[in-house]
Amino acid sequence: MSYSPYALVEKMSFVRFGGTAEELRAAQILLAQIEELGGKGELMDFTIPQSTCKGFEFTVKAPFERQVNVMPWGMCDSIPAPGKDLKFLYAEKCTERDLLGKDDLSDTIVMVNALNQDVYKLLVARKAAAIAVIMGKYYHNNLEAGIYARNMRPAMLKLAAIPTFYISAHDATELVRDEAALIHVQSELVNGETTSRDVLAVIEGTQMPEQSIVLTAHYDSVPIGTGSWDNATGSAALMGIYNHFLQNPPKRTMRFVWCGSEEQGLLGSHAYIAQKADLLESIQFCFNFDMCGTILGPDMAFVTGPKELQTFVELYCREVGRAMDIRTGVHSSDSAPFADKGIPSIGLSRGTQSSEIHTCRDQIFPVGEKPLLKNVADFTAMIDRVVNAAMLPCEKGMPDDMKKELDKYFQREPAEKK
Ligand SMILES: [Zn+2]
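The sequence shown begins at 116 in the numbering used here and counts up one residue at a time.
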């Protein structure tokens, strides 16, 4: 069956945010493609958080009056009508020193450059009433700055659900320049759940069917841009790999997972692990594909596993004469939850600094038909050496330094780990 990965990227280049009808439409395109190739796929549903904003207000009250077009984060607490007048504090990196002498922020909205777990902990401890997070460059409008509704992540919600807003760097600059002092804030969220889904397909192994390799690529996108590079390309590459092994049956079983809702916190791969817990013992290895096929840029491999695995990738590159940017560590994509279960993982990718993801600029232009085909061929050749190997490149399990990185990545204190 002839298959064109680029044509699939074209077909999937539309907003397909996890849990929406468009994500379901993308899943059905993948299912139809699997069947057209002569395979069989299925959907696996799972529940994800969903937050709807019923309205908000963000108006500077003193020393001047100005409405600012911010974007509330989902799953946070509401500030119901009539809202609150809050003092405005710009805390740059929000270090202990930035907050010196500000032990009680229960009447203050704090504006920060970035909100990570450490910053959030400090703000929770000081009971901040609300948070504004700066996005983009000063010359971006809200769309270009990548401002869209995102849910606060569970690790943060565990501590508190402080009402949080995105503000563009442009508006943030004006607020600080004009010495905004008091802001009226209101926000009404309805927090609930909705359904997202993974697309699954399996190719049984011919010689070692009890051992399996999982191959993942997320097919959802953020709510802006067409998600062509991130990650219609990886989804289409995974389909090309599926097509190859349908025609060339592997020795080990291959489990293909097109993950939903990756952009909302790797929810599709977490759901697979939760619902297919009985398979985990048989899964020996994970390949993940997130962003590839760009015309410019280096090929990359993200290796999560023991030292031998990095050596395997290096030797493979020497054997076939390929240049690859090889990095060891946690890949922030759907392979991470598998690595967290001690499954050695390789993330394959091709990227360029000249394009963007998670913004309205993620369009098909930087993606090329030939580079995508070349990625599929190269990925297939590397996977072939694993799935058909007499012995796998490494044993299951993670070295201690990698376990620490995974703890950090999943924002876990080491003691919390099961
Ligand atoms: Zn991605």
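No residue lacks a Cβ here, since even glycine has one placed at the ideal position from N, Cα and C.
Whole-angstrom distance between residue j and residue i, CA atom to CA atom
{"i": "residue 435", "j": "residue 498", "result": "13 Å"}
{"i": "residue 186", "j": "residue 285", "result": "14 Å"}
{"i": "residue 430", "j": "residue 494", "result": "15 Å"}
{"i": "residue 521", "j": "residue 445", "result": "7 Å"}
{"i": "residue 410", "j": "residue 490", "result": "11 Å"}
{"i": "residue 191", "j": "residue 527", "result": "21 Å"}
{"i": "residue 118", "j": "residue 398", "result": "28 Å"}
{"i": "residue 381", "j": "residue 374", "result": "8 Å"}
{"i": "residue 447", "j": "residue 419", "result": "11 Å"}
{"i": "residue 533", "j": "residue 480", "result": "For residue 533, the predicted model reports a pLDDT of 42, less than 50, meaning its position is unreliable; a value from the coordinates is still stated below. Cα to Cα, the separation comes out at about 44 Å."}
{"i": "residue 224", "j": "residue 459", "result": "43 Å"}
{"i": "residue 478", "j": "residue 222", "result": "42 Å"}
{"i": "residue 149", "j": "residue 485", "result": "22 Å"}
{"i": "residue 121", "j": "residue 145", "result": "14 Å"}
{"i": "residue 307", "j": "residue 270", "result": "17 Å"}
{"i": "residue 164", "j": "residue 267", "result": "10 Å"}
{"i": "residue 466", "j": "residue 404", "result": "12 Å"}
{"i": "residue 360", "j": "residue 318", "result": "8 Å"}
{"i": "residue 134", "j": "residue 198", "result": "30 Å"}
{"i": "residue 274", "j": "residue 208", "result": "20 Å"}
{"i": "residue 365", "j": "residue 251", "result": "46 Å"}
{"i": "residue 346", "j": "residue 140", "result": "15 Å"}
{"i": "residue 253", "j": "residue 129", "result": "27 Å"}
{"i": "residue 468", "j": "residue 517", "result": "27 Å"}
{"i": "residue 428", "j": "residue 327", "result": "20 Å"}
{"i": "residue 261", "j": "residue 501", "result": "38 Å"}
{"i": "residue 213", "j": "residue 228", "result": "12 Å"}
Beta-carbon proximity check, residue i vs residue j, cutoff 9 Å
{"i": "residue 482", "j": "residue 348", "result": "yes"}
{"i": "residue 281", "j": "residue 337", "result": "no"}
{"i": "residue 344", "j": "residue 408", "result": "yes"}
{"i": "residue 507", "j": "residue 402", "result": "no"}
{"i": "residue 487", "j": "residue 417", "result": "no"}
{"i": "residue 302", "j": "residue 138", "result": "no"}
{"i": "residue 277", "j": "residue 249", "result": "no"}
{"i": "residue 455", "j": "residue 377", "result": "no"}
{"i": "residue 304", "j": "residue 169", "result": "yes"}
{"i": "residue 204", "j": "residue 279", "result": "no"}
{"i": "residue 127", "j": "residue 342", "result": "yes"}
{"i": "residue 513", "j": "residue 421", "result": "yes"}
{"i": "residue 265", "j": "residue 189", "result": "yes"}
{"i": "residue 315", "j": "residue 367", "result": "no"}
{"i": "residue 440", "j": "residue 379", "result": "no"}
{"i": "residue 313", "j": "residue 161", "result": "yes"}
{"i": "residue 396", "j": "residue 509", "result": "no"}
{"i": "residue 233", "j": "residue 299", "result": "no"}
{"i": "residue 475", "j": "residue 259", "result": "yes"}
{"i": "residue 442", "j": "residue 414", "result": "no"}
{"i": "residue 363", "j": "residue 257", "result": "no"}
Specify whether the stretch 294-313 and the stretch 167-177 touch according to this definition: at least 3 beta carbon pairs, one from each stretch, less than 8 Å apart.
Note that the stretch 294-313 touches the stretch 167-177; at least 3 beta-carbon pairs, one per stretch, sit closer than 8 Å.
Is it the case that the stretch 353-366 contacts the stretch 281-290, given that we only count it when at least three CB pairs across the two stretches are under 8 Å?
These segments do not touch.
Quick one: which unbroken alpha helix (DSSP H) runs of 4-plus residues sit fully inside the stretch 341-398? Chain order, please.
Restricting attention to alpha helix (DSSP H) runs no shorter than 4 residues, the stretch 341-398 encloses them at 349-362 and 382-390, ordered along the chain.
Can you list every residue whose CB sits closer than 5 Å to some heavy atom of ligand 1, going in chain order?
These are the residues, in chain order, with a beta carbon less than 5 Å from any non-hydrogen atom of ligand 1: 345, 346 and 405.
Determine, using beta-carbon pairs with one atom in the stretch 214-222 and one in the stretch 146-166, whether at least three such pairs fall under 8 Å.
The count of Cβ pairs closer than 8 Å, one atom from the stretch 214-222 and one from the stretch 146-166, stays below three, leaving the stretches out of contact.
Inter-stretch contact (C-beta, 8 Å, three-pair minimum) for the stretch 374-388 and the stretch 312-331
In the pairwise beta carbon analysis, the stretch 374-388 is classified as touching the stretch 312-331: at least three pairs are separated by under 8 Å.
Residue ranges of each beta strand (DSSP E) run of no fewer than 3 residues wholly in the stretch 448-503, ordered along the chain?
Counting whole runs of 3 or more residues, the stretch 448-503 contains the beta strand (DSSP E) stretches 460-465.
Can you give, in chain order, each stretch of the alpha helix (DSSP H) that sits fully within the stretch 125-183 and has at least 4 residues?
Runs of the alpha helix (DSSP H) lying entirely within the stretch 125-183, each at least 4 residues long, are 136-151 in chain order.
Run through the stretch 191-259 for me and flag every whole alpha helix (DSSP H) of 4 or more residues, listed as ranges in chain order.
Listed in chain order, they are 232-240.
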